[in-house]
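Engineer: Counted the way this note's numbering counts, the sequence shown spans residues 6 to 129. Before we start, here is the structure in question, set down as structure tokens.
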Amino acid sequence: MGDPGVRQRGGAGRGQAIHPCSASMIIRKIPEARTHTHRKEAQPMMNDSEGLANQGIQRILELSADAHIRRRGTVKDSPEFHSLSGAIAAYGKALELLTAMQELEEFYAMIDQLDVPASAQPVC
């Protein structure tokens, strides 16, 4: 029925085979890449005090919360209301960007933990 090292997807004879050298099979062999359900103890990738993106996210959340509170105390459709609405929208866009940066920081931290050779790491 084929190579014994190759598992069939979706049951015998259905779908395509997963090659033992495919990315999904390689990732499954890396303990750090498994989900927390496969680990005995889930640990955060970074401490709350680490990471420039995380610090930025915390500050933007504080500013956004303050703007929401101030906007609730203003007259709807007033210039101040619209100004605060614009600020809140800008904070949302900044959070989107900083969240993406945080994910990259966590990804690179995971790569560093795996001791990947420099030749295999992305060039920035």
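Virtual Cβ for every residue (Gly too), placed ideally from N, Cα, C. These numbers were taken from a predicted model, which means no experiment stands behind them.
Would you grab the beta carbon distance between Q107 and I62 for me? Rounded to a whole angstrom, and I think it's under 8 Å.
Structural biologist: Q107 to I62, Cβ: 6 Å. Contact.
Engineer: Ordered along the chain, which non-local residues of its own chain (more than five positions away) have a Cβ less than 7 Å from that of S69?
Structural biologist: Result list for S69: I93 and Y96, in chain order.
Engineer: Would you kindly work out how many angstroms separate the C-alpha atoms of T40 and V80, rounded to a whole number?
Structural biologist: Note on T40: pLDDT 47, under 50, position unreliable in the model; no value is reported.
Engineer: Going by other Cβ atoms of all chains shown within 10 Å of its Cβ, with 16 needed for buried, is A114 buried or exposed?
Structural biologist: A114 should be labelled exposed.
Engineer: Would DSSP call T104 helix, strand or coil?
Structural biologist: Helix.
Engineer: Give the range of the alpha helix (DSSP H) segment to which L68 is assigned.
Structural biologist: Taken as a continuous stretch (DSSP letters only), the alpha helix (DSSP H) holding L68 covers L57 to R77.
Engineer: Between the Cα of L89 and the Cα atoms of L102, A72 and G78, which residue gives the shortest distance?
Structural biologist: Per the Cα distances, A72.
Engineer: Rounded to whole angstroms, what's the CA-CA distance from G91 to D82? Just pull it up for me.
Structural biologist: Going by the C-alpha atoms only, they are around 12 Å apart.
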